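Per my numbering, the very first residue in the sequence shown carries number 25; after that it's consecutive. Every residue gets a Cβ at the ideal spot worked out from N, C-alpha and C, and that includes glycine. Small disclaimer: the values here were computed from a predicted structure and weren't measured. To keep things clear, I will list the structure first and then write my remarks on it.
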Amino acid sequence: MATSDLLNERHITNARVYIEGDEIDFVSLSLEQSFSEHHSFRVVMDYDTLKQDFMKNPLEQMKLIGQFLDIDLMQGDDSGNAYEFRGVIRDVYHEGQEGKHGYLILEGLSPTILLERGKRLDIFCNMNLGQVFDQVTDNIINKKDRLPCVNKPHYTGQVNFLMQYKESDWEFLRRLSAISGETLLYTGMDLVFGEYKDWSPVEVTYDKEITSFQFGTRLLANNFTRYQYLAEQDDTITQDAPATIDNANEYVNTAADSSKELTEKRPVRTPSSLPIGDIGSLNELVAREKSVTASETVYVRGTAKTCAPRIGRQLTINMPANMGGASDLGTYRIVKVKHTIDQNHRYKCEFEAVPAALKTVPAPEVCLPVADSIRATVISNEDPQGQGRIRVDFPFAQDRVSDVWLRVMTPNAGSSDVVQKNRGLVFVPEKGDQVMVGFEFGDPNQPYVMGSMFHGKNAEGGKEDNHIKSIITRQGHTIEFDDAEDTLGITIKDKNGNFVHIDTKGNNIEITALETMTLNAKNINMYARENISGYAGENINMHADRNMGYIAGEDCQTSANNIYTQAISDSMHTAKKYDVIADKARIDSTQENLELASNKEVDVQSAKKVRLF
25 MATSDLLNER
35 HITNARVYIE
45 GDEIDFVSLS
55 LEQSFSEHHS
65 FRVVMDYDTL
75 KQDFMKNPLE
85 QMKLIGQFLD
95 IDLMQGDDSG
105 NAYEFRGVIR
115 DVYHEGQEGK
125 HGYLILEGLS
135 PTILLERGKR
145 LDIFCNMNLG
155 QVFDQVTDNI
165 INKKDRLPCV
175 NKPHYTGQVN
185 FLMQYKESDW
195 EFLRRLSAIS
205 GETLLYTGMD
215 LVFGEYKDWS
225 PVEVTYDKEI
235 TSFQFGTRLL
245 ANNFTRYQYL
255 AEQDDTITQD
265 APATIDNANE
275 YVNTAADSSK
285 ELTEKRPVRT
295 PSSLPIGDIG
305 SLNELVAREK
315 SVTASETVYV
325 RGTAKTCAPR
335 IGRQLTINMP
345 ANMGGASDLG
355 TYRIVKVKHT
365 IDQNHRYKCE
375 FEAVPAALKT
385 VPAPEVCLPV
395 ADSIRATVIS
405 NEDPQGQGRI
415 RVDFPFAQDR
425 VSDVWLRVMT
435 PNAGSSDVVQ
445 KNRGLVFVPE
455 KGDQVMVGFE
465 FGDPNQPYVM
475 GSMFHGKNAE
485 GGKEDNHIKS
495 IITRQGHTIE
505 FDDAEDTLGI
515 TIKDKNGNFV
525 HIDTKGNNIE
535 ITALETMTLN
545 AKNINMYARE
555 NISGYAGENI
565 NMHADRNMGY
575 IAGEDCQTSA
585 NNIYTQAISD
595 SMHTAKKYDV
605 IADKARIDST
615 QENLELASNK
625 EVDVQSAKKV
635 RLF
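This is how it looks when you write it as C-alpha cells:
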C-alpha cells in the first residue's frame, strides 16, 4: 500500500494491488485509461520488500504472465467507494540499477486484450449490433469472469451485412463503435457496448480537489448529409444532420454555430458507413453522429489530488467561492484518465472530460480498412425477389455462410421504354461457380459480385493461339467464335447437335436441325447468284392461298413417276411449240364439247387408223 503524506488523511489516495486475489506491496504504479482503448498499467515491486533475492528464480516470476492483477483506488480508508480495476499481466521483467537488488516490474492491459486474437476476416449477416457484439466476444475462456460484458446498443435495427476485415476482434469492435456512434468502454471491471447504468456526478472544486485545468473548445465541421442506396427498390434515402444538438449546453451550441461556415459553401455528402434499410434508422444514426462529433468540441483537461476522476464517470467542476465572478464549468464525463503513485508515495491524477449531458463520447480514431476483392463460391442463385442476385460462401467464414443476396456486375444492365426489365447482358452465375466479390468505395460492408472465374478443374482456355472465344450455358447451348485461319467461323449449337455454322473461310453458311426447321415471316425472299438446290427424303409440299409462279430463263423440267395437274377453274398452256409425248395419250372432256382449233390446219396422224367416233 502506498500513501501520500502531503494531504489531509481523509484526502489520501490509497491503492491496493492484488495478483489472483493475493495482495502485494509495490513501490510505484500507474494506470492509464481511455474510451475505446486498451487500459494499461505498470506496477513496480522492490526485491527488498518482496524479501527475495534479485534474479534468484526469474522463471517462476515469468509465470505471472497472463494472471489477473487488481488495483483498488480509494480516498483514505473509504473502501466502500473504491475504484476497482482488473487487468491482465502481459509483461514481466527485472530491472537492476546501480548494483542494488533491483525491481520486479509488472506491465499489462485491460482484459480487452483477450480480444486481440489475431487479425481475421469474418461476416455478420442480418443481425442487430447486439448480436454482432455477442458473436465477436464469444469463445473467450471463462468470459463471465474474465471479461464481463454489458451489451445494450442504442441502435436496435437490423444490419444487412458487416465484414470484419483483417482486424482483430477488438479492432473490429472499435470500428463498429466509430461508424455506429455506440459507446465502447472498459469500466475497469466490465466491457460496455452501448448504454450502461450511469454513475451519479461527483462534485469537485478547483484549487481543492482539482489542482489545475484547461477548459477549451475546438472548431470541427459538424454539418453533413448521409445517404444510403437501397438496390431492391432502386431508391436513395438521404438525411441531413439535424440543425440542433440534443442536450447541448451553451458551450457546445456556441462551438456548433462557429462551425457552420466551414461547410456552408461546400456541403459534405457521403454514404452511411453502417448499412441500414430505412429512413428512420438513417435519421437515428445521423443524429447520434452529430452528437458524437459535438462531444469533441468542448473539453476539460486537468489534474487532481483525488481519484474522483474515473473513466466513464461524471465530474461536476465548481469554481471556488473566492472567485466570485467565475462560472462553474458544469458536469463532464471522464474520457481519459491516468492515475499515478510515484516511489515517494505521491498520487497524481490527469484527466480529460467532455460534456456529460450529450450522452455521447468522441468516436474512436480508427483507420477504416479498404477492402480488396475476395474469392467466393456461389451457394444459391434463386433470388426470392427475382432480381438476379446470388448468395456466396466466403472461404474464411468457417461456421456460417452469407445470408445476403449480392448484386452481380455485368457489362450492360438497365431498362428502356420498350424493355422494362433485363435490358442488357444477363448472365447470373450458377450454383458452385467461383466468383470474385468486390466492395463499393472499398467499404467491406458494401459487397457486390464483380464476375466469375475459372479454375483448374473447369478451365480449358482459348485453345492453341487463343483462337476460340465462346459462350456456353449450363445445358451446353453454345456460341463459339473461331479465329483460327483454317477453321475461321462462327457456330451456334446445342447439346443435341442442332447448329448454325458460318464458315468464314469458305464463305458458306450451314444450318442443321435434327427434327423440324420452321421459317415464319410476312415475306420471304431467297436469292442465289448461282444455284438453289432442295432435297427431301420423302415429300416436298408447297401451298399458296392465292398465286404460285415459276419462271425459268431457259428450261423448266418436271420429272416424276406420275404427274397430276389439277385446275379448279381454267388451265392454259402457251408456247411457240407444244409437244405431248406418251406411250398412251388421252384427251377427255367429261362435261362439254372437245374443241380442236388452229389458225391453219389440224393435222391428225396415226401409224394405223384414225377413229373420229
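Limits of the alpha helix (DSSP H) - the one that residue i falls within
i	result
residue 191	Run containing residue 191: none in the alpha helix (DSSP H); it sits in the beta strand (DSSP E), 182-191.
residue 309	303-318
residue 629	Unbroken run through residue 629: none, as it is neither H nor E.
residue 169	167-170
CA-to-CA distance, residue j to residue i, given in whole angstroms
i	j	result
residue 421	residue 145	7 Å
residue 530	residue 537	21 Å
residue 388	residue 59	8 Å
residue 619	residue 612	11 Å
residue 493	residue 542	29 Å
residue 151	residue 165	24 Å
residue 621	residue 571	29 Å
residue 514	residue 488	17 Å
residue 157	residue 471	21 Å
residue 177	residue 132	28 Å
residue 43	residue 184	44 Å
residue 512	residue 490	13 Å
residue 407	residue 518	27 Å
residue 401	residue 465	22 Å
residue 331	residue 381	22 Å
residue 549	residue 562	25 Å
residue 429	residue 181	19 Å
residue 440	residue 447	7 Å
residue 195	residue 393	11 Å
residue 498	residue 452	11 Å
Under the three-state DSSP convention, the category residue i falls into
i	result
residue 287	helix
residue 199	helix
residue 175	strand
residue 502	strand
residue 119	strand
residue 480	coil
residue 635	coil
residue 78	Confidence in residue 78 is poor, its pLDDT being 44 and thus under 50, which makes the residue's placement unreliable; the coordinate value appears in the next sentence. Coil at residue 78, not helix or strand.
residue 156	helix
residue 104	helix
residue 276	helix
residue 550	coil
residue 211	coil
residue 98	strand
residue 43	strand
residue 664	Look at the range of the chain in this structure, 25 to 637, and you will see that residue 664 is not part of it.
residue 460	strand
Limits of the beta strand (DSSP E) - the one that residue i falls within
i	result
residue 398	398-404
residue 493	492-496
residue 517	513-517
residue 299	Counting along the chain, residue 299 falls outside any beta strand (DSSP E), and DSSP gives it neither H nor E.
residue 129	127-133
residue 523	523-527
residue 259	259-264
residue 249	249-254
Rounded distance between the beta-carbons of residue j and residue i, thought under 8 Å
i	j	result
residue 56	residue 362	5 Å
residue 135	residue 110	7 Å
residue 179	residue 219	That pair is no contact at about 11 Å.
residue 431	residue 413	6 Å
residue 423	residue 403	Actually they do not touch by this definition, with Cβ atoms about 15 Å apart.
Residue i - partner residues in DSSP beta bridges
i	result
residue 438	447
residue 373	328 and 363
residue 218	176
residue 418	Looking at the DSSP assignment, residue 418 forms no beta bridge with any residue, so it has no partner.
residue 62	BP columns for residue 62 are empty, so no partner.
residue 239	324
residue 229	342
residue 353	Paired residues: none, contrary to the question.
residue 110	94
residue 534	525
residue 378	357
residue 37	99
residue 386	Looking at the DSSP assignment, residue 386 forms no beta bridge with any residue, so it has no partner.
residue 149	185
residue 57	361
Proximity test, residue i beta-carbon vs the ligand FMN heavy atom, cut-off 7 Å
i	result
residue 600	Inclusion of the ligand FMN in the displayed structure is not the case, the ligand content being empty and no account of it being possible.
Cβ of residue i within 8 Å of any chain D Cβ
i	result
residue 462	Absent from the structure: chain D. Only one protein chain is present.
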